[in-house]
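Peer 1: The structure that follows is given in the form of structure tokens.
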Amino acid sequence: MPRRNHIPQALLFAIMILGALAPAQEISKQLASNERHTSSDPASVLFQRSAFAHGFIHGYEQGFHIADLDYHVARMDRRLEETHAYRDASSGYHTYFGDKKSFQQGYREGFRQGYDDSIHSRRFRAEVAASAVAENLKGYAGSSKELDAGFAAGYLAEHSNPKNAPACQSKSADYCNGFALGAEFAAISSGASPVIAKSSLDALAIK
């Protein structure tokens with residue numbers, strides 16, 4: 000009895016798999032085109048590259064909004080850590096944004112800063128910081144994963160203790176450039192002039 004030819008079945012299976020993946024890819028593209036931060040935002044190139052930065056702006060906007068509500072009802076005793084949006088830290092998240100944990104870490108950092116800026120009647124400083132940093136990413140073709148990891152580390156180092164933000168050592172160029180951008184973002188979003196922040200932190204990046 001001759002052996003059956005299984006090639007047509009294998010091809011059929013491959014076609015079925017590709018057919019199932021195609022709609023998912025199209026959905027992701029459609030979602031990306033509808034997500035303001037990754038499409039029409041002036042800093043979209045930053046949010047496309049860094050899940051931390053993308054989470055930060057989502058959290059910042061939410062924290063700013065909640066603080067505005069609290070201000071108008073004279074509520075000054077809110078514990079942010081007990082707020083559902085802060086604890087969940089994934090509002091608006093989609094898988095195509097990148098690493099979820101990085102997004103959530105950025106979201107919580109942004110939420111705290113957005114709340115603080117709003118409750119103290121400061122301007123929307125995260126928008127200024129994101130636009131300034133995004134200018135450095137035009138034409139960037141490196142690793143988004145490394146850039147994002149460096150961005151988060153740079154932000155946390157600069158934000159927690161600006162004077163002791165270490166120069167980047169023993170890391171990839173993408174990580175180190177991300178570190179410098181994260182530190183610059185932290186400085187500007189905390190009120191520093193974009194020009195001064197950039198000049199003082201350029202030494203952290205690898206050219």
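According to numbering that gives the first Met the number 0, the sequence shown holds residues 0 to 206 in order.
For each residue, glycine too, the CB sits at the ideal point set by N, CA and C.
Mind checking which residues open and close the alpha helix (DSSP H) that includes Asn160?
Peer 2: One-based indexing of the sequence shown puts residue 160 at position 161. Where Asn160 is concerned, there is no enclosing alpha helix (DSSP H), given that its DSSP letter is neither H nor E.
Peer 1: Which value, in whole angstroms, describes the spacing of the CA atoms of Asp147 and Ser49?
Peer 2: Residue 147 sits at position 148 when you count from the first residue of the sequence shown. Residue 49 sits at position 50 when you count from the first residue of the sequence shown. Distance between the alpha carbons of Asp147 and Ser49 is about 5 Å.
Peer 1: Tell me the DSSP secondary structure of Thr211 in three-state form.
Peer 2: Outside the shown range of the chain, which is 0 to 206, sits residue 211, and nothing can be said about it.
Peer 1: Buried or exposed: where does Val132 fall if 16 or more other Cβ atoms within 10 Å of its Cβ makes it buried?
Peer 2: Locating residue 132 in the sequence shown gives position 133, where the first residue counts as 1. Per the 10 Å Cβ criterion, buried.
Peer 1: Can you tell me where the alpha helix (DSSP H) with Glu60 in it begins and where it stops?
Peer 2: As a first step, residue 60 must be located in the sequence shown, where it is residue number 61. That run of the alpha helix (DSSP H) goes 50 to 71.
Peer 1: For Ala152 and Gly181, which I take to be in contact (beta-carbon distance under 8 Å), what is that distance rounded to the nearest angstrom?
Peer 2: The residue labelled residue 152 in the question sits at position 153 within the sequence shown. The residue labelled residue 181 in the question sits at position 182 within the sequence shown. Yes, Ala152 and Gly181 are in contact; Cβ-Cβ is about 7 Å, under 8 Å.
Peer 1: Short of 7 Å in beta carbon distance, which residues of its chain neighbour Phe46, apart from the five on each side in sequence? Order them along the chain.
Peer 2: One-based indexing of the sequence shown puts residue 46 at position 47. Cβ neighbours of Phe46 beyond the five flanking positions: His36, Thr37, Asp40, Ala52, His53, Ile56.
Peer 1: Quick one: which unbroken alpha helix (DSSP H) runs of 4-plus residues sit fully inside the segment 115 to 148? Chain order, please.
Peer 2: 124 to 133
Peer 1: With a cut-off of 8 Å on the beta carbons, I'd call Ile187 and Val127 a contact; round off their distance for me.
Peer 2: The count along the sequence shown starts at 1 and reaches residue 187 at position 188. The count along the sequence shown starts at 1 and reaches residue 127 at position 128. With a Cβ gap of about 6 Å, Ile187 and Val127 count as contacting.
Peer 1: Roughly how many angstroms separate the alpha carbons of Ser192 and Gly109, rounded to a whole number?
Peer 2: Position 193 of the sequence shown holds residue 192. Position 110 of the sequence shown holds residue 109. The alpha-carbon atoms of Ser192 and Gly109 are separated by roughly 19 Å.
Peer 1: Over what stretch of residues does the alpha helix (DSSP H) that includes Thr37 continue unbroken?
Peer 2: In the sequence shown, the residue the question calls residue 37 occupies position 38. 35 to 38 is the extent of the alpha helix (DSSP H) around Thr37.
Peer 1: Using CA coordinates, which residue listed in Tyr59, Arg86, Asp87, Ala185 is at the minimum distance from Asp116?
Peer 2: Residue 116 sits at position 117 when you count from the first residue of the sequence shown. Looking at the Cα atoms, Tyr59 is the closest of the given residues.
Peer 1: For Ala88, I'd like the list of residues in its chain whose CB is within less than 6 Å of its CB, leaving aside the five on either flank, ordered along the chain.
Peer 2: For the purposes of this step, residue 88 is identified with residue 89 of the sequence shown, where counting begins at 1. Hits under 6 Å: Gln103, Tyr106, Arg107.
Peer 1: Do the CB positions of Phe178 and Gly138 come within less than 8 Å of each other?
Peer 2: Counting from one through the sequence shown, the residue named residue 178 turns up at place 179. Counting from one through the sequence shown, the residue named residue 138 turns up at place 139. Contact: no.
Peer 1: Asn176: which of His158, Ser142, Gly190, Ser189 sits nearest, CA to CA?
Peer 2: Your numbering for residue 176 matches position 177 in the sequence shown. For the options His158, Ser142, Gly190, Ser189, the alpha carbon positioned closest to that of Asn176 is the one of Ser142.
Peer 1: For Leu79, which residues of its own chain have a beta-carbon under 8 Å away from its beta-carbon, when the five flanking residues on both sides are left out?
Peer 2: For the purposes of this step, residue 79 is identified with residue 80 of the sequence shown, where counting begins at 1. So the qualifying residues of the chain are Gly62, Tyr85, Phe110, Arg111, Tyr114.
Peer 1: State the Cα-Cα distance for the pair Ser189 and Arg124, rounded to the nearest angstrom.
Peer 2: The residue labelled residue 189 in the question sits at position 190 within the sequence shown. The residue labelled residue 124 in the question sits at position 125 within the sequence shown. Using only the alpha carbons, I get a separation of about 7 Å.
Peer 1: Cα separation between Glu145 and His158?
Peer 2: In the sequence shown, residue 145 corresponds to position 146, counting from 1. In the sequence shown, residue 158 corresponds to position 159, counting from 1. When rounded, the distance between both Cα atoms is 20 Å.
Peer 1: Just checking my contact of Ala129 with Ala42 at CB under 8 Å: how many whole Å lie between their CB atoms?
Peer 2: Taking the sequence shown and counting its residues from 1, one reaches residue 129 at position 130. Taking the sequence shown and counting its residues from 1, one reaches residue 42 at position 43. That belief holds up - the Cβ atoms of Ala129 and Ala42 are roughly 4 Å apart, short of 8 Å.
Peer 1: Taking the alpha-carbon positions, what's the Gln24 to Tyr95 distance?
Peer 2: The count along the sequence shown starts at 1 and reaches residue 24 at position 25. The count along the sequence shown starts at 1 and reaches residue 95 at position 96. At Gln24, the pLDDT of 44 sits below 50, so the modelled position is not reliable; the number obtained from the coordinates is stated separately. In a straight line, the C-alpha of Gln24 is about 10 Å away from that of Tyr95.
Peer 1: Check Ala151 in the structure and name its three-state DSSP category.
Peer 2: Residue mapping note: residue 151 aligns to position 152 of the sequence shown, counting from 1. Three-state DSSP puts Ala151 in a helix.
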